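Chemist:
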Amino acid sequence: MQNRMMITGAGSGLGREIALRWAREGWRLALSDVNEAGLAETLAMVRDAGGDGFTQRCDVRDYSQLIALAQTCEEKLGGIDVVVNNAGVASGGFFEELSLEDWEWQIAINLMGVVKGCKAFLPLLQRSKGRLINIASMAALMQAPAMSNYNVAKAGVVALSESLLVELRQQEVAVHVVCPSFFQTNLLDSFRGPTPNMKEQVAKLLAGSPITAADIAEYIYQEIAKGTFMILPHEEGRMAWKLKQQNPQAIYEEMALLAEKKRSKGKT
């Protein structure tokens with residue numbers, strides 16, 4: 002019976018909502034984050050929702066802390082069935098404005114933090130024939146302007162997940178990657194698109210209520226049950242990705258226009 006899950010970045014946001022969704026099924030959760038106050042809140046909410054577990058402060062930049070967390074999962078839960086590499090940071094700025102330190106910080110957390118999480122927990126997942134869930138972003142697929150370091154880090158998470166999907170299948174470790182929209186509306190706001198009625202379609206989609214972290218967690222839960230590898234929780238994200246697969250050049254044109262808009266806004 003699989004019912005033990007580890008989540009990084011569980012102190013708030015999507016990490017917390019994933020914890021609560023699985024807690025409702027009675028799962029035991031290993032919750033980690035650098036924010037200890039947030040972790041304590043999440044654990045209390047998890048218990049109210051019908052789950053249980055423990056918290057442990059963990060900075061995903063430090064491999065030794067992830068190894069220690071894996072050992073605690075072994076001691077307290079007897080192993081782990083699902084690992085959710087969710088910890089991440091947001092950033093933006095045009096390439097020429099970003100320092101190399103900005104790049105190193107972004108890659109260290111959003112990409113190498115996931116690599117280290119996979120590495121530290123893989124032995125436990127191989128034993129339980131478990132499941133690995135990496136949280137990337139639509140930015141990994143769409144490469145919006147003025148966030149190149151974020152785009153690159155998240156694209157790395159997708160490439161890592163694709164690599165592990167094929168490498169770990171024989172070992173019966175399932176792999177999933179989730180790409181929520183980092184920008185819920187501005188991705189397609191100015192999207193005139195390759196077809197004339199695209200604007201109306203997009204307007205209809207965006208007129209709906211904005212999707213919440215709890216909605217995304219629910220969507221992830223449903224798609225994991227179906228065995229979906231790449232999970233795109235936003236309708237407009239799924240649409241944009243489909244368009245890009247059919248006509249990448251059209252997307253690049255739109256993104257270039259968006260870059261011009263962003264630059265002119267920055268100058269005013």
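In the working numbering, each residue carries its 1-based index in the sequence shown increased by 1. Glycine included, C-beta positions come from ideal geometry on N, C-alpha and C. Note that the coordinates shown come from a computational prediction; the quantities given were computed from them, not determined experimentally.
Specify the secondary structure class of Ser-265 as computed by DSSP and reduced to three states.
Modeler: Reduced to three states, the DSSP call for Ser-265 is helix.
Chemist: Could you give the distance in angstroms between the alpha-carbon of Lys-130 and the alpha-carbon of Val-84?
Modeler: Rounded to the nearest angstrom, the two C-alpha atoms are 12 Å apart.
Chemist: Which first and last residues belong to the beta strand (DSSP E) in which Ala-31 is found?
Modeler: Element bounds for Ala-31: 29-34.
Chemist: So which of Ser-149, Gln-144 and Asp-60 has the shortest CA-CA distance to Leu-101?
Modeler: Of Ser-149, Gln-144 and Asp-60, the residue nearest in Cα terms is Ser-149.
Chemist: Using only the alpha-carbon positions, how far apart do Ala-50 and Arg-29 sit?
Modeler: One C-alpha to the other measures close to 11 Å.
Chemist: Sort out for me which residues DSSP pairs Phe-55 with in a bridge.
Modeler: Per DSSP, Ala-31.
Chemist: So for Leu-133, helix, strand or coil by DSSP?
Modeler: Strand, per DSSP.
Chemist: In chain order, what residues of the same chain lie with their CB nearer than 7 Å to the CB of Ala-24, ignoring the 5 residues before and after it?
Modeler: Leu-30, Val-47, Ala-50, Gly-51 and Gly-52.
Chemist: For a quick check, are the C-beta atoms of Phe-230 and Ser-164 less than 9 Å apart?
Modeler: Cβ atoms of Phe-230 and Ser-164: not closer than 9 Å.
Chemist: When burial is assigned at 16 or more other CB atoms within 10 Å of the CB, is Lys-227 buried or exposed?
Modeler: Exposed, because fewer than 16 other Cβ atoms sit within 10 Å of the Cβ of Lys-227.
Chemist: Flag this pair as touching only if the segment 5-23 and the segment 91-106 have three or more C-beta atom pairs under 8 Å; answer yes or no.
Modeler: Too few Cβ pairs lie closer than 8 Å, so no.
Chemist: I need the boundaries of the alpha helix (DSSP H) containing Val-90, first residue and last residue.
Modeler: Premise fails: Val-90 is in no alpha helix (DSSP H) and is neither H nor E.
Chemist: Starting from Ile-212, trace the beta strand (DSSP E) both ways and give me its first and last residue.
Modeler: That residue, Ile-212, is in no beta strand (DSSP E); it is neither H nor E in DSSP.
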